[in-house]
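Colleague:
Residue numbers (the working numbering): 426 to 697.
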């Protein structure tokens, strides 16, 4: 497929993220919009998807049938919701179509199902498609391993008032990176809620604090607090277009890959 144009489908195409994905596809050499979908009954069904996104008319109409994504496209970009994403994963496995997933809030069971689907096609799954955030995760893993449990780790995230899951998928990803750096499982050290008389902080815990308000796209900080110093690693997203840019990059990277469950670390060549 190298050297050819990759047809990309966008699920949830009339939403804010869907529109950004469509604009990014249109601006990327080697990519073209192949299909676009929205839920049945959506008022934008039948409209030109690119025009709806503020780009040049493409002739691709917004369709209610998810199957069109997997018959007309080489890759599907999916920032929808867990239930929809799982249905798409099954279709991707059947059609052997690349599935790029930025959906957050998936359960451990759903992630396990994605891994089973990835035995049949290439799936790139990341709670955050930003290149900068994935570099941050690599740094967090390395720093956590070097500093060890003498430094307390706290992860602070803030998002807009409409976000429905907490902590964010990115915050949990940063927690997993920190835990991996220390050679432990996040579930065994995560402190995700503090209220009332909690007692002293347990050595080795990785704490999470969640803030919601306004129109914040996404702020994430990882604090390493030692006895006489504090190290803070922070990423602030100023716009959602960086997620769209990463997703399109991931799809192009996966075009010649065999079946497998990939991450943005794989896309960026960061290793595990």
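We put the CB at the ideal spot given by N, CA and C, even for glycine.
(1) Note down, in chain order, each residue of its chain lying with its Cβ closer than 7 Å to the Cβ of residue 453, except the 5 sequence neighbours on either side.
(2) Excluding sequence positions up to five away, which residues of its chain have a Cβ less than 6 Å from the Cβ of residue 607?
(3) In whole angstroms, what separates the C-alpha of residue 469 from that of residue 486?
(4) With which residues is residue 714 paired in a DSSP beta bridge?
(5) In its own chain, which residues sit with a C-beta less than 6 Å from the C-beta of residue 641, not counting the 5 before and 5 after it?
(6) What does the alpha-carbon distance come out to for the pair residue 654 and residue 647?
(7) Can you give me the Cβ contacts of residue 553 inside the same chain, cut-off strictly under 6 Å, excluding the 5 residues immediately before and after it?
(8) CB residue 578 to CB residue 632, shorter than 8 Å?
(9) Quick check on DSSP: helix, strand or coil for residue 454?
(10) Should the region 667–687 be regarded as contacting the region 608–617, the criterion being three or more beta carbon pairs within less than 8 Å?
(11) Any idea what DSSP makes of residue 439, helix, strand or coil?
(12) Closer than 8 Å by C-beta to residue 426: which residues in its own chain qualify, once you throw out the five before and the five after it? Chain order, please.
(13) Let's see if you can read the secondary structure: which residues bound the alpha helix (DSSP H) around residue 673?
(14) Can you tell me which residues form a DSSP beta bridge with residue 660?
(15) Ordered along the chain, which non-local residues of its own chain (more than five positions away) have a Cβ less than 8 Å from that of residue 637?
(16) Going by C-alpha to C-alpha distance, which of 507, 629, 527 and 434 sits closest to residue 668?
(17) Name the one or two DSSP bridge partners that residue 526 has.
(18) Can you look up residue 682 in the DSSP assignment and give me helix, strand or coil?
(19) With distances taken Cα to Cα, identify the nearest neighbour of residue 410 among 491, 564, 476 and 560.
(20) Ignore the nearest five residues each way along the sequence and tell me which others in residue 476's own chain have a CB closer than 6 Å to its CB.
(21) Applying the criterion that 16 or more other CB atoms from any shown protein chain within 10 Å of the CB defines a buried residue, is residue 532 buried or exposed?
(22) Return the residue from the list 563, 665, 538 and 436 that minimises the CA-CA distance to residue 497.
(23) Using a 10 Å radius around the Cβ and a threshold of 16 neighbouring Cβ atoms, would you call residue 450 buried or exposed?
(24) Specify the secondary structure class of residue 426 as computed by DSSP and reduced to three states.
Modeller: With the structure as the only source:
(1) Walking along the chain shown from the start, residue 453 turns up at place 28. These residues qualify, in order along the chain: 673.
(2) Translated into positions along the chain shown, residue 607 becomes position 182. For residue 607, where only same-chain residues beyond five positions count, the Cβ hits under 6 Å are 569.
(3) One-based indexing of the chain shown puts residue 469 at position 44. One-based indexing of the chain shown puts residue 486 at position 61. Residue 469 and residue 486 have their alpha carbons spaced roughly 9 Å apart.
(4) There is no way to answer for residue 714, as the model of the chain reaches only from 426 to 697.
(5) Numbered from its first residue, the chain shown carries residue 641 at position 216. Taking residue 641 as the centre and dropping the five residues before and after it, the same chain places the C-beta of 583, 584 and 585 closer than 6 Å to its C-beta, in chain order.
(6) One-based indexing of the chain shown puts residue 654 at position 229. One-based indexing of the chain shown puts residue 647 at position 222. Counting only the Cα atoms, residue 647 lies some 14 Å from residue 654.
(7) Residue mapping note: residue 553 aligns to position 128 of the chain shown, counting from 1. Only 595 meet the Cβ criterion.
(8) As a working note, residue 578 is residue 153 in the chain shown. As a working note, residue 632 is residue 207 in the chain shown. Closer than 8 Å, so yes.
(9) If you number the chain shown from 1, residue 454 lands on position 29. The answer is coil: DSSP assigns residue 454 none of H, G, I, E or B.
(10) Between the region 667–687 and the region 608–617, the count of Cβ pairs shorter than 8 Å is below three; the stretches do not touch.
(11) Reading the chain shown from its first residue, position 14 is the one you call residue 439. Residue 439 falls in the coil class under three-state DSSP.
(12) For the purposes of this step, residue 426 is identified with residue 1 of the chain shown, where counting begins at 1. Low confidence applies here, because residue 426 scores a pLDDT of 44, under 50, leaving its location unreliable; read the following figure in that light. By the criterion of a C-beta distance shorter than 8 Å, residue 426 is surrounded in its chain by 499, 680 and 681, once the five residues flanking it on both sides are discounted.
(13) Counted from its first residue, the chain shown places residue 673 at position 248. From DSSP, the alpha helix (DSSP H) with residue 673 extends over 666–679.
(14) Within the chain shown, residue 660 is the residue found at index 235, counting from 1. When beta bridges are read from the DSSP output, residue 660 appears opposite 645.
(15) Indexing the chain shown from 1 puts residue 637 at position 212. Same-chain partners within the cutoff: 583, 584, 585, 586, 588 and 591.
(16) Translated into the one-based positions of the chain shown, residue 668 becomes position 243. Here the closest residue by C-alpha is 527.
(17) For the purposes of this step, residue 526 is identified with residue 101 of the chain shown, where counting begins at 1. 503 and 550, per the DSSP bridge assignment.
(18) Locating residue 682 in the chain shown gives position 257, where the first residue counts as 1. Residue 682 falls in the coil class under three-state DSSP.
(19) Here the chain covers residues 426 to 697 and nothing more, so residue 410 does not appear.
(20) Your numbering for residue 476 matches position 51 in the chain shown. Same-chain partners within the cutoff: 482.
(21) As a position in the chain shown, residue 532 is number 107, starting the count at 1. Burial is judged here by how many other beta carbons sit within 10 angstroms of a residue's own beta carbon; residue 532 has fewer than 16 and is exposed.
(22) Along the chain shown, one-based indexing puts residue 497 at 72. 436 is the residue among 563, 665, 538 and 436 whose C-alpha sits nearest the C-alpha of residue 497.
(23) On the chain shown, position 25 is the one that residue 450 refers to. Under the 10 Å beta carbon count, residue 450 is surrounded by 16 or more other beta carbons and is classified as buried.
(24) By one-based count along the chain shown, residue 426 stands at place 1. Legend: pLDDT at residue 426 = 44, less than 50; position of this residue unreliable, value from coordinates given subsequently. Residue state, collapsed to three classes: coil.
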